[in-house]
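Heads up: the sequence lines are chains D and S, in that order. Mapping of the first sequence onto numbering that gives the first Met the number 0: position 37 corresponds to residue 36, and the numbering continues sequentially without gaps. Mapping of the second sequence onto numbering that gives the first Met the number 0: position 59 corresponds to residue 58, and the numbering continues sequentially without gaps. Working notes, beginning with the structure itself.
There are 2 protein chains.
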Amino acid sequence: MPKIETLLSPALFHLHSEGIEDKQVVIIDILRATTTVVVAFENGVDHVVASASVKETQTFRDKGYLVAAERNGITVEGFDLGNSPQDYTPELVNGRNIALTTTNGTRALNMAEEAETVWVASFRNLTATADALTQNGRDVLLFCAGWKDRFNMEDTLFAGALAEQLMSRGWSTEDDATLAAMDLYTRNQSQLPDFLEQASHVQRFKTLHLESDLEVCLKTDSSRIVVKLDGDKLVGQTM
Amino acid sequence: MPKIETLLSPALFHLHSEGIEDKQVVIIDILRATTTVVVAFENGVDHVVASASVKETQTFRDKGYLVAAERNGITVEGFDLGNSPQDYTPELVNGRNIALTTTNGTRALNMAEEAETVWVASFRNLTATADALTQNGRDVLLFCAGWKDRFNMEDTLFAGALAEQLMSRGWSTEDDATLAAMDLYTRNQSQLPDFLEQASHVQRFKTLHLESDLEVCLKTDSSRIVVKLDGDKLVGQTM
Chain D
0 MPKIETLLSP
10 ALFHLHSEGI
20 EDKQVVIIDI
30 LRATTTVVVA
40 FENGVDHVVA
50 SASVKETQTF
60 RDKGYLVAAE
70 RNGITVEGFD
80 LGNSPQDYTP
90 ELVNGRNIAL
100 TTTNGTRALN
110 MAEEAETVWV
120 ASFRNLTATA
130 DALTQNGRDV
140 LLFCAGWKDR
150 FNMEDTLFAG
160 ALAEQLMSRG
170 WSTEDDATLA
180 AMDLYTRNQS
190 QLPDFLEQAS
200 HVQRFKTLHL
210 ESDLEVCLKT
220 DSSRIVVKLD
230 GDKLVGQTM
Chain S
0 MPKIETLLSP
10 ALFHLHSEGI
20 EDKQVVIIDI
30 LRATTTVVVA
40 FENGVDHVVA
50 SASVKETQTF
60 RDKGYLVAAE
70 RNGITVEGFD
80 LGNSPQDYTP
90 ELVNGRNIAL
100 TTTNGTRALN
110 MAEEAETVWV
120 ASFRNLTATA
130 DALTQNGRDV
140 LLFCAGWKDR
150 FNMEDTLFAG
160 ALAEQLMSRG
170 WSTEDDATLA
180 AMDLYTRNQS
190 QLPDFLEQAS
200 HVQRFKTLHL
210 ESDLEVCLKT
220 DSSRIVVKLD
230 GDKLVGQTM
């Protein structure tokens with residue numbers, strides 16, 4: 000059966016990059032990039048281009064894209080959208096394409112692009128993603144995007160949730176980071192919002208008055224759509 | 000009150016190195032470097048020199064030191080001691096000096112040497128170390144030595160144990176890694192050996208037939224001696 004590894008910070012990627020071309024990678028940026036991307040697909044977006052720079056993202060406007068840019072948790076001036084999943088309404092995004100750049104999520108995507116398949120996941124498509132990983136069958140690296148290379152609680156909790164689903168299907172792990180993430184998740188799953196209350200990113204959210212995004216980002220299995228990288232585009236697929 | 004940060008891998012040190020000269024650092028390498036050093040002081044060693052290379056360590060023999068070298072969990076040929084705390088008996092080490100090099104512990108010590116104070120700690124002197132940190136009063140970085148830059152369970156659990164003691168004395172943290180380490184420890188403290196059973200390093204120990212070291216390394220508060228770096232020497236001090 001396939002194996003699970005967990006990357007707790009992008010700064011540790013070099014420890015896991017060997018053989019990456021034969022692995023699946025799941026990019027995790029729960030607050031909020033990967034949640035926002037999943038919501039965009041739930042609401043009918045056609046494809047999403049993840050771009051490294053604000054400047055490059057802006058150039059997609061002329062190609063008919065909605066453009067989205069976030070830095071340090073805030074929408075960049077002159078863009079249609081930021082990084083709040085609640086802004087990606089069906090009215091706005093259905094049938095459209097989006098070019099998106101975010102503080103941590105886009106960088107993680109770029110780092111992982113050599114992988115056999117790169118998935119983008121959130122609590123909203125947890126089980127659907129576990130199904131897609133199982134169907135593919137290759138070893139998986141759960142890539143927590145973190146916050147500026149720091150360990151972050153909500154990404155680690157989601158890695159634990161996904162690892163726990165895979166382990167229950169017979170996958171295995173020899174990786175302490177995966178074991179720790181699973182323990183954190185299984186011990187706190189019945190009270191995730193309370194447990195996350197103390198986390199640094201949630202504190203940052205409160206300063207930015209983004210509490211209402213939290214509920215959207217912690218909603219589990221609201222969608223059967225999985226999202227993967229196809230060339231330079233993120234595309235959706237219903238499981 | 001002072002603050003706590005936790006470094007889950009030496010590869011993340013750059014995120015915590017700013018202002019390090021005003022912080023205390025606690026080096027944590029539970030299996031087994033920092034446990035072994037604490038046991039050496041329990042058993043009467045005068046001082047310990049932590050050396051980066053096997054070759055340099057060997058040169059201390061001519062100065063009357065016991066020489067100790069471990070690589071990949073195994074004693075290097077031609078040395079008096081390896082990295083098993085059980086070899087550091089009073090009969091052998093009382094009143095002696097030791098030069099020591101280990102896979103991860105020595106490197107961590109060298110990385111942290113700019114700190115205001117560098118402590119070396121283990122479960123054996125957990126409360127004594129918390130007392131010493133409190134007496135000093137500066138912010139602290141709990142530095143998990145890990146295994147070749149990977150996250151490791153037993154070092155993280157000890158960081159959680161120490162953080163929990165400091166928090167109960169009124170210290171604070173804004174660091175998700177510290178919160179995660181505390182959660183892992185407090186939820187599993189009543190069954191640490193069982194919980195660690197699945198950890199990668201413990202599996203490695205079994206391959207090397209080192210199970211009996213585990214008990215020594217998880218023994219809590221057997222000593223009131225704290226160990227700190229004084230110039231290029233580790234010295235002990237009774238709290």
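Heads up, the beta-carbon is just placed ideally off N, CA and C, and yes, glycines get one too. Remember, predicted model here, so these are calculated numbers, not experimental data.
| Asked | Found |
| --- | --- |
| Residues from the segment 124-157 of chain S in contact with chain D, defined by Cβ distance under 7 Å | Asp148, Arg149, Phe150, Asn151, Met152 and Thr155 |
| Beta-carbon proximity list for glycine 169(S), same chain, < 6 Å, skipping 5 on both sides | Met0 |
| Residue closest to arginine 149(D), alpha-carbon to alpha-carbon, out of Asn187(D), Met166(D), Val37(D) and Phe12(D) | Phe12(D) |
| Near the ligand GDP: arginine 95(S) beta-carbon under 8 Å from a heavy atom | Annotation note on the ligand GDP: not contained in the displayed structure, which lists no ligands. |
| Closest residue to glutamine 236(D) among Pro89(D), Gly136(D), Leu156(D) and Thr128(D) (Cα-Cα distance) | Thr128(D) |
| Leucine 7(S) in three-state terms, based on DSSP | coil |
| Nearest to arginine 260(S) (by Cα), restricted to the options Asp45(S), Asn151(S) and Asn135(S) | Residue 260(S) lies beyond the stretch modelled for chain S, which goes from 0 to 238, so this question has no answer here. |
| Any chain S beta carbon closer than 9 Å to phenylalanine 40(D) | no |
| Contact under 9 Å by Cβ, valine 226(S) with valine 36(S) | yes |
| Same chain, Cβ closer than 7 Å to alanine 107(D), five either side skipped, listed in chain order | Pro9, Ile26, Asp28, Phe142 and Ala144 |
| Beta-carbon proximity list for lysine 232(D), same chain, < 8 Å, skipping 5 on both sides | His46, Val47 and Val48 |
| Minimum Cβ-Cβ distance from alanine 160(S) to chain D less than 9 Å | no |
| Chain S contact residues for alanine 176(D), given Cβ-Cβ distances below 7 Å | Phe150 |
| Among Asp79(D), Leu161(D) and Leu91(D), the one whose alpha carbon lies nearest that of valine 119(D) | Leu161(D) |
| Chain D contact for alanine 198(S) (CB, 9 Å cutoff) | yes |
| Min CB distance leucine 183(S) to chain D below 9 Å | yes |
| Spatially closest choice to arginine 203(D) from Ala68(D), Asn151(D), Ile97(D) and Leu125(D), by CA coordinates | Asn151(D) |
| C-beta atoms of leucine 228(S) and valine 92(S) nearer than 9 Å | no |
| Chain D within 9 Å of arginine 186(S), Cβ atoms only | yes |
| Three-state class that DSSP yields for isoleucine 29(S) in the structure shown | coil |
| Amino acids of chain S, ordered along the chain, whose beta-carbon sits closer than 7 Å to that of glutamate 163(D) | Within 7 Å Cβ-Cβ: nothing; glutamate 163(D) doesn't reach chain S, min ~14 Å. |
| Within the segment 96-140 of chain S, ranges of the beta strand (DSSP E) (whole runs, at least 3 residues) | 96-100 and 116-120 |
| Rounded C-alpha distance that separates aspartate 138(D) from alanine 114(D) | 11 Å |
| Residue span of the beta strand (DSSP E) that contains valine 225(S), given as start and end | 224-229 |
| Chain D contact for glutamate 112(S) (CB, 9 Å cutoff) | no |
| Of the listed residues Ser222(S), Leu14(S), Ile3(S) and Leu30(S), nearest to lysine 147(D) (C-alpha basis) | Leu14(S) |
| Closer than 9 Å to chain S by CB, glutamine 202(D) | yes |
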